[in-house]
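Participant: Sending over a structure as structure tokens; questions will come in a sec.
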Amino acid sequence: MQLAVLAGFVAAGVAPLLHRWLGDRTPLLMAMLPAAFAVWLASLWPSLADGEPLLLEWAWVPGLDITLTFLIDGLAWLFAMLITVIGALVLVYTGEYLKGERDLPRFLVVITAFMMSMLGLVLADNLVALFVFWELTSITSYLLIGFQHTDPAARKSAQQGLFVTVGGGLALLAGFVMLAQAGDSWSLAVLNERGEQLTGHALYTPLLICVLIGAFTKSAQFPFHFWLPNAMAAPTPVSAYLHSATMVKAGVYLLARLHPALGGTESWEVTLSLVGAVTMLTGAFLAIRNTNIKKLLAYSTVMALGTLTMLLGIGTEGALIAFVTFLLAHSLYKGALFMVAGILDHETGTKDVTAMGGLRRVMPRTAVVACVASLSLAGLPPLLGFIGKELMLTSVLAADHFGGLILLLAFTGAFLTLAVAAIVTLRPFFGPRRDTPRAPHESPAGMLVGPALLAALSLLFGLAPGMLDSLVATTVSGLGVVEPDVHLALWHGINLPLLLSVASLLLGTLVFRHWDGIRGRLAKFDPLIHRGPEHGYEMLMAGMVRFAEWQTRLLQNGYVRNYLVMTLLVLLGLVGHALLVRHPLEIGFSVDAYFHEVVVAGLMIAGALAACVMRSRLAAVAAVGIMGFSIALIFVLFSAPDLAITQLLVETLTVVLLVLVLFRLPRFATLSTPKERWRDLVVAGSFGTLMTLLMLSVLNEEQLPRISEYMVANSQPLGHGHNIVNVILVDFRALDTLGEMFVLALAAIGVHAMLRFHAAEHDARHGLSGRGEDHG
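Quick look at the structure:
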């Protein structure tokens, strides 16, 4: 499975090559990749249904005990199936929607990489691997949202989504580190078995805050909800995939995956319940204000994500069953509705629902699909969305914390969502026929097959919900519920949830009938909304830019000497404070040197001083060379021939470089005032004194065994070499050796380039063409 996911990234890379051969048929071929994944996942279902999750492990970084481990249980299987099945349908849809698009190969590369990143995220069991895939989804979604990179609005929306989700990702990384420390493991499967250890740990509160910030930013929970509707700048296939099965579900998935480990506490339940309920109401309220069909659906996605988070916060067995059912229902109807929205935009040339009407006469099949999916969004029978809404209301009625407030918010969100469902279907397809920028006609089969299949599944599972009992039970067991009792049904008799559904139907219908007037009255709230969380984000970004400009003027003013002074002052402050204040300074000073060693040290000092005071370029270069060669001689005297050779080579190349550019340098000039030179002298002298004290203090202490003993003892067992120096260079100090090789190679390239430049200039000066002609 690991190789298959990684191979998916390779397949993404070859998409442009396939496009050269197959042209617009390439998306159909690429759709076979997620379809094959779905078939393979389906073959695993019998063992998963019998309570036998699969754990696939591959050593990734054995030295750090980091493995690429994939866990396939009911929860991971459900998300993986949604990602692969809807991903295949979206690619088929893309083949028609972006037919003839010049940048289609680039789109296929990014969306396939995005698909594999999301698949790796939901299957990963190791926290490090999960975080890597988590950030990959942020990067690839940024590229997808900004696909129309010539559009400033698309670039801005892509940057906003990236900054919000990556900012949350940084908090999530800190949370993962604390989670691993508190649970003594990087494995999610192990951590979920240590829930009591984690919830009773001193790090529980800070790690919970960090994890929730990461999940809330990814799944657009209030107050981070604003980036998701702005992501509608992406092409419709991206929107359909992003909202139904991937990106925004990642945060919800993480909360569900960590529910056994971190759930059950008052902090978890109250935070998720309230934030989810507020997000649900916010999404439904903001949807009513919009006329753009993609924005309407996007805000309804915010509502659904809030509902899922709220159900995880309630945390009862019934709430978790409702969570899984609502998750599946939302994925089906939202994928279908976004594809329908793309069809409407593609065929009419507008996204404004108030500019559409009567389209059912020219687009009858699309109208049927839209109606079925919208009924599920509205939560009306006999669709799966109705069952999910009934279970949600039942769970809210049993909430332990702030039950009355959460019920009010959930009920308000329910009837506003019903109004949104009516708006996105009845306004475009029914009523009087309206003229649109393009003459509409029925959509191609390639664009209709995906939404039709998803809408049909919503209807099928609504009419026969018992088909999902095993799936829901297996998924809920992955949330920490032992042997859940799942019996989905379309009719549970006349009860309070049903009465609330009837009331939401009446109120939703009323809102739809008076939508134009309500939308006008809601316009008075625009100043308040414009100063909401998104305004705070804009102020934060503007403040960061102003701060960056200020510190650039102060610290990065173009003078290398100022950079050097600032660096040395920081080191003086940090190292000097640690050496002189935090640790007792104990120096054992004794002069035990041979005469020739003193002479070499004197040469170094003389070379350094001469380089500082010489007014001749050539003399200054010679002085620097004396100092460098003296350092190489010190290495030789103290049995470090490898360092001596490196120093000699680097010093020789440096002198050659300086000589080559010597006469191209500007004349020596006094660019600093006497005060600045005295300042530089004090800084340099202080830093030299600090380094001297530091070295003397280090030589006087021996708290750890000498590293040479380790090298001698482990050269053969670990490095498989009998030459200790060679093992040190290529194994123990491999990165250091690589750095030295890089320095040498870079210096050689620089010398070669300068010699070639000098030769070319010489030829040009003497009129040589370089073609082998004899100019006498």
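To convert, note that position 51 of the sequence shown is 51 in the UniProt record's numbering; the numbers rise steadily by one, no gaps.
Beta carbons are placed, not taken as given, at the ideal position from N, Cα and C, and that holds for glycine.
1) Could you name the residues of the same chain whose beta carbon sits closer than 7 Å to that of residue 436, not counting the 5 residues immediately before and after it, in chain order?
2) I'd like to know if the stretch 594-610 and the stretch 621-638 are in contact, where contact means that at least 3 CB-CB pairs between them fall below 8 Å.
3) Might you give, ordered along the chain, the residues of its own chain that have their beta carbon closer than 7 Å to the beta carbon of residue 223, omitting 5 neighbours on each side?
4) Just to confirm my understanding: we take residue 284, look at its own chain, exclude 5 residues before and 5 after, and list those with CB closer than 6 Å. What are they?
5) Run the CB neighbour count on residue 150, radius 10 Å, all protein chains shown included, and call it buried at 16 or more, exposed below.
6) So, at 7 Å on beta carbons, what are the nonlocal neighbours of residue 776 in its own chain, with the 5 sequence-adjacent residues on each side left out?
7) Which value, in whole angstroms, describes the spacing of the CA atoms of residue 770 and residue 743?
8) So within the stretch 231-257, which uninterrupted beta strand (DSSP E) runs reach at least 3 residues, ignoring any that extend past its ends?
9) Tell me which residue opens and which closes the beta strand (DSSP E) that residue 60 is part of.
10) Whether or not the stretch 228-243 and the stretch 300-317 are in contact is what I'm after, with contact meaning three or more pairs of Cβ atoms, one per stretch, closer than 8 Å; do they touch?
11) Just to confirm the assignment, what range does the alpha helix (DSSP H) spanning residue 601 have?
12) So what does DSSP say about residue 124, is it helix, strand or coil?
13) What are the boundary residues of the alpha helix (DSSP H) that includes residue 687?
14) Judging by CA-CA distance, which residue of 408, 419, 398, 16 is the nearest neighbour of residue 110?
15) What whole-angstrom Cβ distance do residue 294 and residue 261 have, given they're in contact under 8 Å?
16) Does DSSP classify residue 290 as helix, strand or coil?
17) What do you reckon, is the C-beta of residue 582 under 6 Å from a heavy atom of the ligand PLP?
18) Is it buried or exposed for residue 736, if we count other Cβ within 10 angstroms and need 16 for buried?
19) Looking at residue 450: is its Cβ nearer than 7 Å to the Cβ of residue 92?
20) By how many angstroms is the C-alpha of residue 239 removed from the C-alpha of residue 146?
21) How big is the Cα-Cα spacing for residue 257 and residue 479?
22) Below 7 Å between beta carbons: does that hold for residue 740 and residue 646?
23) In terms of alpha-carbon separation, which member of 291, 142, 490 lies closest to residue 520?
24) Counting C-beta neighbours from all protein chains within 10 Å, is the total for residue 632 16 or more, i.e. buried, or is it exposed?
25) Here's the rule: buried if 16 or more other CB atoms are within 10 angstroms of the residue's CB, otherwise exposed. What is residue 447?
26) In chain order, what residues of the same chain have a beta carbon less than 7 Å from the beta carbon of residue 365, not counting five sequence neighbours either side?
27) Check whether the Cβ atoms of residue 79 and residue 131 sit closer than 7 Å, and answer yes or no.
28) Just to confirm the assignment, what range does the alpha helix (DSSP H) spanning residue 193 have?
29) Leaving out five residues before and five after residue 380 in sequence, what residues of the same chain have Cβ atoms less than 6 Å from its Cβ?
30) Assuming residue 16 is part of the alpha helix (DSSP H), what are its boundary residues?
31) Who are the Cβ neighbours of residue 683 in its own chain at under 8 Å, not counting the five residues just before and after it?
32) Hey, how far is the Cα of residue 265 from the Cα of residue 199?
33) What distance in whole Å lies between the Cβ atoms of residue 160 and residue 227, which are believed to be in contact at a cut-off of 8 Å?
34) Can you look up residue 70 in the DSSP assignment and give me helix, strand or coil?
35) Given that a residue counts as buried once 16 or more other Cβ atoms are within 10 Å of its Cβ, and exposed if not, what is residue 69?
36) Once you ignore the five residues that flank residue 312 on each side, which residues in its own chain have a CB closer than 8 Å to its CB?
Facilitator: This is what the structure gives:
1) 348, 349, 350, 355, 356
2) yes
3) 533
4) 303, 413, 416, 417
5) exposed
6) Confidence in residue 776 is poor, its pLDDT being 33 and thus under 50, which makes the residue's placement too unreliable to answer from.
7) Caution applies to residue 770, whose pLDDT of 43 falls short of 50 and renders its modelled position unreliable; the value that the coordinates give is listed next. Rounded to whole angstroms, residue 770 to residue 743 spans 32 Å at the Cα level.
8) none
9) 54-61
10) yes
11) 595-613
12) strand
13) 674-700
14) 16
15) Wrong, their Cβ atoms sit about 36 Å apart, outside the cutoff.
16) coil
17) Judged by which ligands are present, the structure shown has none, so any question about the ligand PLP falls away.
18) exposed
19) yes
20) 12 Å
21) 7 Å
22) yes
23) 291
24) buried
25) buried
26) 442, 448
27) no
28) Careful: residue 193 lies outside any alpha helix (DSSP H) and carries neither H nor E.
29) 386
30) 15-22
31) 565, 568, 569, 572
32) 7 Å
33) 5 Å
34) strand
35) buried
36) 252, 255, 256, 259, 263, 272, 276, 319, 320, 323
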